[in-house]
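A quick write-up on the structure given underneath.
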Amino acid sequence: MDVSGTWKVGPLAEASGVTVRTLHHWDSIGLLSPSRRTPGGHREYAEEDLVRLYQILALRGLGLSLESVAACLDAGVEPARLVRDHLAGVEASIAALGALRERLVRLEGELSDGRAPTATALLDALRAIGAAGPEAQQALLRHLDADQVQLLRTRTAALGPAAHYLLEVEWPELYRRADRLRAAGTAPTDDRVRRLVARMDELSALFTGGDAGVSAGVRQAWHDDPAAVSGEAGAPADDWRDLADYLARARDSSAPGKELPGKRFPSKGSS
Numbered sequence: 145m146d147v148s149g150t151w152k153v154g155p156l157a158e159a160s161g162v163t164v165r166t167l168h169h170w171d172s173i174g175l176l177s178p179s180r181r182t183p184g185g186h187r188e189y190a191e192e193d194l195v196r197l198y199q200i201l202a203l204r205g206l207g208l209s210l211e212s213v214a215a216c217l218d219a220g221v222e223p224a225r226l227v228r229d230h231l232a233g234v235e236a237s238i239a240a241l242g243a244l245r246e247r248l249v250r251l252e253g254e255l256s257d258g259r260a261p262t263a264t265a266l267l268d269a270l271r272a273i274g275a276a277g278p279e280a281q282q283a284l285l286r287h288l289d290a291d292q293v294q295l296l297r298t299r300t301a302a303l304g305p306a307a308h309y310l311l312e313v314e315w316p317e318l319y320r321r322a323d324r325l326r327a328a329g330t331a332p333t334d335d336r337v338r339r340l341v342a343r344m345d346e347l348s349a350l351f352t353g354g355d356a357g358v359s360a361g362v363r364q365a366w367h368d369d370p371a372a373v374s375g376e377a378g379a380p381a382d383d384w385r386d387l388a389d390y391l392a393r394a395r396d397s398s399a400p401g402k403e404l405p406g407k408r409f410p411s412k413g414s415s
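The structure is reproduced here in structure tokens:
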């Protein structure tokens, strides 16, 4: 950090453990752009940029893709919750590694004594290897039968804390972006709309496992109670149903196998 309280890209990369190339890439896609530039055009990162960098790295640590991270930051994440989730993930990883260490020490001791490891010791080590990860979380969705809800809970639990950011932050943000495009008169065949629909479908598959019945139930929930599902308590039901029709037309317009153009993360409030 220099005397002006800003960071050049090199020192910031070294301090954060992120490569200069990564910071340049994040700048080019609009994920993390420096607040300032020197008269010579060099990047200078201010304190607010460091806050965003921490948020990016914490969300990435929870398993979110860069696209999900961008959507969550645009929608706004609760700082205290993010730190708690980050801390929980670290503590869970420490606990899992501690359990694995104990089992490996036991295995190493048996091998050093010239004994073949017991089946119990081997199984304990295998369980410990598979136990790493944050504590499971569940999601409760309406308009689904018991088996469908259990499927969603199981798949959501496997995602850990990342599920909150994908389901409760990114997903509503995607709908808000689509609604801004709809309100602006953008055709549902526009690539921007189709990209949003494609990402919504990716999230749907992530939580439903591609189960058509579960997907239909979730869409019915949006139709029957859009304000509750979207988190927008004052959202007029007719507007959300119009949006659902708009997205359906965009989905129908997407030819199977057709690649979408490369994307740049839109800044908050943009469409």
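Numbered according to my numbering, the sequence shown spans residues 145 to 415.
Think of the CB as a built atom: it goes at the ideal place given N, C-alpha and C, for glycine as much as any other residue.
Please state the DSSP three-state secondary structure of residue i.
i	result
residue 346	helix
residue 188	strand
residue 221	coil
residue 207	coil
residue 398	coil
residue 316	helix
residue 238	helix
residue 258	coil
residue 334	coil
residue 175	coil
residue 328	coil
residue 355	coil
residue 487	Nothing can be reported for residue 487: it is not among the residues displayed for the chain, which extend from 145 to 415.
residue 378	Its pLDDT being 49, under 50, residue 378 is placed unreliably in this model, and the value from its coordinates should be taken loosely. Coil, per DSSP.
residue 252	helix
residue 280	Note that residue 280 scores a pLDDT of 26, beneath 50, so its modelled location is shaky and nothing firm can be said.
residue 389	helix
Mind checking who residue i pairs with in its DSSP beta bridge?
i	result
residue 165	Per DSSP, none; premise fails for residue 165.
residue 181	187
residue 151	189
For residue i, which option in the options has the closest C-alpha, if you only look at C-alpha atoms?
i	options	result
residue 357	293, 204, 191, 241	293
residue 228	300, 305, 164	305
residue 312	213, 328, 325, 251	213
residue 302	315, 154, 322, 352	352
residue 362	168, 181, 296, 216	296
residue 154	201, 179, 314, 188	188
residue 317	201, 162, 395, 219	219
residue 309	359, 323, 162, 202	202
residue 391	354, 321, 179	321
residue 208	244, 314, 232, 242	314
residue 185	241, 152, 252	152
residue 398	349, 355, 354, 336	336
residue 331	355, 242, 387	387
Compute the beta-carbon to beta-carbon distance between residue i and residue j, rounded to the nearest angstrom, for a pair I have assumed lies under 8 Å.
i	j	result
residue 176	residue 196	6 Å
residue 191	residue 149	7 Å
residue 199	residue 221	6 Å
residue 334	residue 325	7 Å
residue 341	residue 395	5 Å
residue 300	residue 307	5 Å
residue 167	residue 159	Incorrect: roughly 11 Å between the Cβ atoms, too far for contact.
residue 343	residue 211	7 Å
residue 206	residue 233	6 Å
Check whether the Cβ of residue i sits closer than 7 Å to any heavy atom of the ligand NAP, and report yes or no.
i	result
residue 246	Because no ligand of any kind appears in the structure shown, any question about the ligand NAP cannot be addressed here.
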